[in-house]
Structure formats: structure tokens, C-alpha cells
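Presented below is the structure to which this report refers.
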Amino acid sequence: MKNIFDKEVTDEVIARINNLSTASTASWGKMNVAQMLAHCCVTYELIYEPHKHPEPNWLMKKVIQLFAKSTVVGPKPFSKSLRTAPAFLVSAEQDFEAQKTRLINYLIKTQTQGEGYFEGKVSHSFGKLTLSQWNTMFYKHIDHHLMQFGN
4 MKNIFDKEVT DEVIARINNL STASTASWGK MNVAQMLAHC CVTYELIYEP
54 HKHPEPNWLM KKVIQLFAKS TVVGPKPFSK SLRTAPAFLV SAEQDFEAQK
104 TRLINYLIKT QTQGEGYFEG KVSHSFGKLT LSQWNTMFYK HIDHHLMQFG
154 N
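Residues in the sequence shown are numbered from 4 upward in steps of one, following the working numbering.
Here it is in C-alpha cells:
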């Protein structure tokens, strides 16, 4: 798994995002490219703008940790048919350039915050995560969606 905290990897991901256009089409799934960018931003909103998403109650957290955590932070790639969690659904039309800029800014912020900021940090839904788990979640998710749109 590539390390999203390495500047070279972040730069590579940003270059892949910059290769997208409003004409980019998905090989699978229902989202258009602007919705996909907004969807990818939710991961970072949960960290940097938690007020946008109510925290799950303790029972829901346990259910999420039991059924979703290993899929999200584990090394196995996401399947193309994986159902999106409700908090990550983006069905409204989005501004492509605005979402692209937002996602790139989140990536730069995350890379700049660095590994030390994330080691042992508590996740919105999964509890305390290791640095490796944070990296897997960040990189695997964005790589999955960039591949979805041919990048």
C-alpha cells in the first residue's frame, strides 16, 4: 500500500485528480465525477469538519466497527459492488472544480499534518486507529475511486 503521508504519493494522487475532467465517466457505480470527488471529501470532513456529520451513537459505532472497519482499514481492495455508507452518499449535483479543489486541499492538509498527527487518532466511527490503518483508509478509498474513473 502506498503511503499517502509521503509527499511524492500525495503529489501522484493529486496529478491523477487533475487528469479528471467533467467528461470523465465511471466504469462502475452511479456517481458522476463531481459527485465522486464530493464523496471522497467526506472522509476528510469527518476529520477536519466533524460538525458536518453527527457522530454515531455507541451502538451504531459497535455495529460499524464489527461489520465495516476491517473492510475499510484492511489491505484487501474494495469490490466494485461495495455499498456506500449512508453518510458518504452524494446524490445531488456538485460543482466539479469546487469539489476537485476541496479534495486536493484536504490531501495537502493531511500530508502536511503528517504521520504524527494520525498515529492513534480516534476515528469518527472506527475508534482509535493506527497510522497504518489511517493510511490504508485514505489511500485505498481514493485509489478505488480514481480507478473507477480511469485514473
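Where is the CB? At the ideal position from N, CA and C, for every residue including glycine.
Spatially closest choice to Q97 from N21, M34, K124 and M140, by CA coordinates: Your numbering for residue 97 matches position 94 in the sequence shown. The candidate whose alpha carbon is nearest that of Q97 is M34.
F121 burial status per 10 Å Cβ neighbour count (16 or more: buried): Counting from one through the sequence shown, the residue named residue 121 turns up at place 118. So F121 ends up on the buried side.
Contact the segment 63–77 vs the segment 123–130: 3+ CB pairs below 8 Å: yes
CB-CB length for Q114 against K10, believed under 8 Å: Start at 1 with the first residue of the sequence shown, and residue 114 comes out as number 111. Start at 1 with the first residue of the sequence shown, and residue 10 comes out as number 7. Q114 to K10, Cβ: 6 Å. Contact.
From V36, F91, A29 and T46, residue whose alpha carbon lies closest to that of K112: Residue mapping note: residue 112 aligns to position 109 of the sequence shown, counting from 1. Comparing Cα positions, the closest option is T46.
Cα-Cα separation, H56 to E48: For the purposes of this step, residue 56 is identified with residue 53 of the sequence shown, where counting begins at 1. For the purposes of this step, residue 48 is identified with residue 45 of the sequence shown, where counting begins at 1. Distance between the alpha carbons of H56 and E48: 8 Å.
Where K131 sits in the DSSP three-state scheme: For this step, residue 131 is matched to residue 128 along the sequence shown. In the structure shown, K131 sits in a strand (DSSP, three-state: E or B).
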